[in-house]
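Colleague: Chains as they are written, first to last, in my numbering: chain S, 1 to 220; chain P, 221 to 440. Where is the CB? At the ideal position from N, CA and C, for every residue including glycine.
2 protein chains.
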Amino acid sequence: MAANRISKKAIRRESIIQAAIEVFSKKGFQAATISEIAQRAGVAEGSIYQYFKNKEDLFFSIPIEETKEFRTQLELHLEGIFGAFNKIRKFVWYFLYFFKVNPEYGRMLMLEMRVSKSFVKTDTYDFLKKSVGHVLEIIIEGQEEGVIRKDTDVYILRHLVLGILEHIVTHWLLKGGKYDLLEHHQEVSRLVVDALRNPACLKDVQGHVPERTIDTDAID
Amino acid sequence: MAANRISKKAIRRESIIQAAIEVFSKKGFQAATISEIAQRAGVAEGSIYQYFKNKEDLFFSIPIEETKEFRTQLELHLEGIFGAFNKIRKFVWYFLYFFKVNPEYGRMLMLEMRVSKSFVKTDTYDFLKKSVGHVLEIIIEGQEEGVIRKDTDVYILRHLVLGILEHIVTHWLLKGGKYDLLEHHQEVSRLVVDALRNPACLKDVQGHVPERTIDTDAID
DNA sequence: ATCACAAAATGAATTATGCTCATTATTGTT
DNA sequence: AACAATAATGAGCATAATTCATTTTGTGAT
């Protein structure tokens with residue numbers, strides 16, 4: 001049967017990826033060797049090149065499954081939540097939760113891939129961007145609801161949300177995961193929501209534009 | 221004279237670093253070769269190892285000077301500015317301006333070094349952290365002034381400021397510097413300042429806590 | 001100026017590792 | 001069983017970082 005062949009191939013490929021995850025996440029891209037990955041996977045060095053173009057291709061193939069997982073779980077977690085801000089809060093929580101639970105994946109993705117010019121050209125990156133880019137839709141939804149500010153470019157709002165989250169996760173990873181990543185998630189949510197909030201909402205409720213500057217806070 | 225010797229060494233070291241900047245920023249860490257760096261610097265391959273422990277050590281030695289420049293210029297730009305928010309605005313502008321003017325440095329620092337576990341152990345990283353960490357002082361100053369919120373951990377506030385800025389710069393670098401990095405600096409400043417602003421300030425001015433939620437924005 | 005010594009520079013040799021490819025083994029089909 | 005197609009193998013190649021024995025250069029004393 002041809003199907004048998006195919007599934008055997010798939011299994012072998014999977015075992016190489018598993019070995020690669022172990023070795024790459026322990027040693028990093030540079031220090032990891034094909035030889036060690038092959039050994040762990042129980043295949044010859046040469047065999048790896050039957051499944052992957054080269055070392056980088058193997059490395060970049062790792063996140064696909066986990067990224068799919070990130071996306072489907074995220075959608076599940078957002079299911080049944082109404083209101084842009086409630087979704088943002090959940091997104092913040094889920095983002096931190098996901099990396100708390102998958103730190104090796106985080107290490108590879110945040111510290112090595114996200115930042116590589118060749119990774120950016122990858123299909124995986126596209127997929128990842130779409131998954132994480134879900135915030136953009138939430139932001140636009142919030143603008144339509146009228147709760148999220150329209151005076152700022154949506155992409156900048158997205159930079160704010162992803163920027164603070166990625167910075168927090170990166171910092172946590174570089175510190176070797178010493179503290180609880182979810183520790184401050186409520187503070188982070190509140191901060192992000194406050195930042196995105198349409199200042200005009202305050203006006204509407206109170207009937208006038210709130211005074212927002214004090215002495216030392218004039219631009220010139 | 222021994223002094224003569226020493227300065228000659230320093231000059232040679234400098235010329236190696238200059239060559240390294242050219243080659244690393246053109247090719248990235250991985251693809252750059254010691255051989256090419258040596259050629260450009262006009263020294264033998266072996267000589268490089270008289271000045272630097274290895275390729276990575278050479279790479280990490282690059283940012284020291286430029287980071288010093290970042291720091292002294294930043295202090296100059298902040299000179300004479302009063303009020304935490306005005307300082308934050310200037311910081312936002314300067315951060316973006318610096319990387320707009322030094323994109324090769326940005327590429328190496330943001331995309332290759334910042335993210336390396338071994339770089340984090342470096343003296344250069346300490347120095348860099350202190351320079352950028354200047355925001356922390358500004359944030360604390362703002363809290364003492366009463367304009368910056370005290371309900372959120374200062375480190376999270378710093379994550380917000382550095383997170384959005386680094387995210388913007390990283391995005392810009394990965395897009396190959398196609399657009400003007402300073403384009404949205406005012407929007408970014410406003411957003412950041414609004415996020416940091418003490419919500420109680422609004423209360424003080426208006427005599428009551430502003431109603432900040434509408435139907436769809438309840439937590440439960 | 002010459003010599004002795006130390007410091008620095010050199011590049012050929014070593015080593016490590018990603019990757020290729022000719023060969024061998026396995027699987028599926030008739 | 002014979003054949004063909006597909007997959008696995010690992011020795012060998014190429015590249016590039018690093019080492020080290022040797023040579024060159026600089027310094028101070030005679």
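Output yes if chain P places a C-beta closer than 7 angstroms to the C-beta of S/Thr216; else output no.
Modeller: Low confidence applies to S/Thr216: its pLDDT is 43, below 50, so where it sits in the model is not reliable, and the reading given next is rough at best. It does; some Cβ of chain P falls within 7 angstroms.
Colleague: Quick one: is S/Glu14 buried, meaning 16 or more other Cβ sit within 10 Å of its Cβ, or exposed?
Modeller: By the neighbour-count rule (16 or more Cβ atoms within 10 Å), S/Glu14 is not buried but exposed.
Colleague: On the DSSP bridge list, what partners appear for S/Ile34?
Modeller: DSSP output for S/Ile34 lists no bridge partner at all.
Colleague: S/Ala195 CB to nearest chain P CB: under 7 angstroms?
Modeller: yes
Colleague: Take every Cβ of the segment 298 to 311 of chain P, pair it with every Cβ of the segment 254 to 274 of chain P, and state whether three or more of those distances are shorter than 8 angstroms.
Modeller: no
Colleague: Could you pull the start and end residues of the alpha helix (DSSP H) that S/Asp194 belongs to?
Modeller: His185 to Leu196
Colleague: From S/Ile139 to P/Leu411, what distance separates their C-alpha atoms?
Modeller: Straight through space, the alpha carbons of P/Leu411 and S/Ile139 are spaced by roughly 14 angstroms.
Colleague: In the DSSP assignment, find the alpha helix (DSSP H) that holds P/Asp371 and state where it starts and stops.
Modeller: Premise fails: P/Asp371 is in no alpha helix (DSSP H) and is neither H nor E.
Colleague: Of all the options S/Phe24, S/His167, S/Phe29 and S/Val43, which has the alpha carbon lying nearest to the alpha carbon of S/Ile11?
Modeller: S/Val43
Colleague: What is the DSSP secondary structure of P/Val367, reduced to helix, strand or coil?
Modeller: coil
Colleague: I believe S/Asn198 touches S/Lys150 by the beta-carbon criterion, under 8 angstroms. Please report the beta-carbon distance rounded to the nearest angstrom.
Modeller: 7 angstroms
Colleague: For a quick check, are the C-beta atoms of P/Phe249 and P/Glu332 less than 7 angstroms apart?
Modeller: In this structure, P/Phe249 lies near P/Glu332, with their beta-carbon atoms less than 7 angstroms apart.
Colleague: Return helix, strand or coil for P/Val335, following the three-state DSSP convention.
Modeller: Shown here, P/Val335 sits in coil according to DSSP, grouped into three states, outside any helix or strand.
Colleague: Measuring only the C-alpha atoms, how far is P/Glu299 from P/Thr390?
Modeller: So the two alpha carbons sit approximately 28 angstroms from each other.
Colleague: Under three-state DSSP, which class holds S/Asn86?
Modeller: helix
Colleague: Look at P/Asp400 and S/His184 and say whether their C-beta atoms are less than 7 angstroms apart.
Modeller: No. Outside cutoff.
Colleague: Could you compute how far the alpha carbon of S/Met110 sits from the alpha carbon of S/Lys178?
Modeller: 17 angstroms
Colleague: Could you list the residues in the segment 150 to 164 of chain S with a C-beta less than 8 angstroms from some C-beta on chain P, going in chain order?
Modeller: Asp151, Thr152, Asp153, Ile156, Leu157, His159, Leu160, Leu162, Gly163 and Ile164
Colleague: Assign P/Asp214 to one of three DSSP states: helix, strand, or coil.
Modeller: Residue 214 of chain P is absent from the model: chain P starts at 221 and stops at 440.
Colleague: Between the segment 67 to 74 of chain S and the segment 154 to 163 of chain S, can you find at least three pairs of beta-carbon atoms closer than 8 angstroms?
Modeller: no
Colleague: Which residues in chain P have a C-beta closer than 7 angstroms to the C-beta of S/Leu111? List them in chain order.
Modeller: Val335
Colleague: Ends of the alpha helix (DSSP H) at P/Asp346?
Modeller: Asp343 to Val352
Colleague: Buried or exposed: S/Ala41, going by 16 or more other Cβ atoms within 10 Å of its Cβ?
Modeller: buried
Colleague: With DSSP collapsed to three states, give me the class of S/Leu74.
Modeller: Three-state DSSP puts S/Leu74 in a helix.
Colleague: Once the 5 residues before and after S/Val147 are set aside, which same chain residues still bring their CB inside 7 angstroms of it?
Modeller: Ala84, Phe85, Arg197, Asn198 and Cys201
Colleague: Under 7 angstroms, Cβ to Cβ, is there at least one residue of chain P near S/Glu22?
Modeller: Not one chain P Cβ lies under 7 angstroms of S/Glu22.
Colleague: Taking the alpha helix (DSSP H) that S/Met108 falls in, what are its first and last residues?
Modeller: That run of the alpha helix (DSSP H) goes Pro103 to Met108.
Colleague: Would you call the CB atoms of P/Leu385 and P/Thr287 closer than 7 angstroms?
Modeller: no
Colleague: Is it the case that the Cβ atoms of P/Phe244 and P/Thr342 are separated by a distance below 7 angstroms?
Modeller: no
Colleague: Which word fits P/Leu278, buried or exposed, when buried means at least 16 other C-beta atoms lie within 10 angstroms of its C-beta?
Modeller: Buried is the call here.
Colleague: Buried or exposed: where does P/Ser227 fall if 16 or more other Cβ atoms within 10 Å of its Cβ makes it buried?
Modeller: P/Ser227 is classed as exposed because its beta carbon has fewer than 16 other beta carbons within 10 Å across all chains shown.
Colleague: Please state whether DSSP places S/Ala44 in a helix, a strand or coil.
Modeller: coil
Colleague: What is the DSSP secondary structure of P/Leu316, reduced to helix, strand or coil?
Modeller: Secondary structure of P/Leu316 (DSSP, three-state): helix.
Colleague: If we cut at 7 angstroms on Cβ distances, does S/His184 have a partner in chain P?
Modeller: yes
Colleague: Skipping 5 residues on each side, what residues in its chain have a beta carbon closer than 7 angstroms to that of P/Asp424?
Modeller: Reliability fails at P/Asp424, whose pLDDT of 45 lies under 50, so the model's placement of it is uncertain and the value that follows must be treated cautiously. Cβ neighbours of P/Asp424 beyond the five flanking positions: none.
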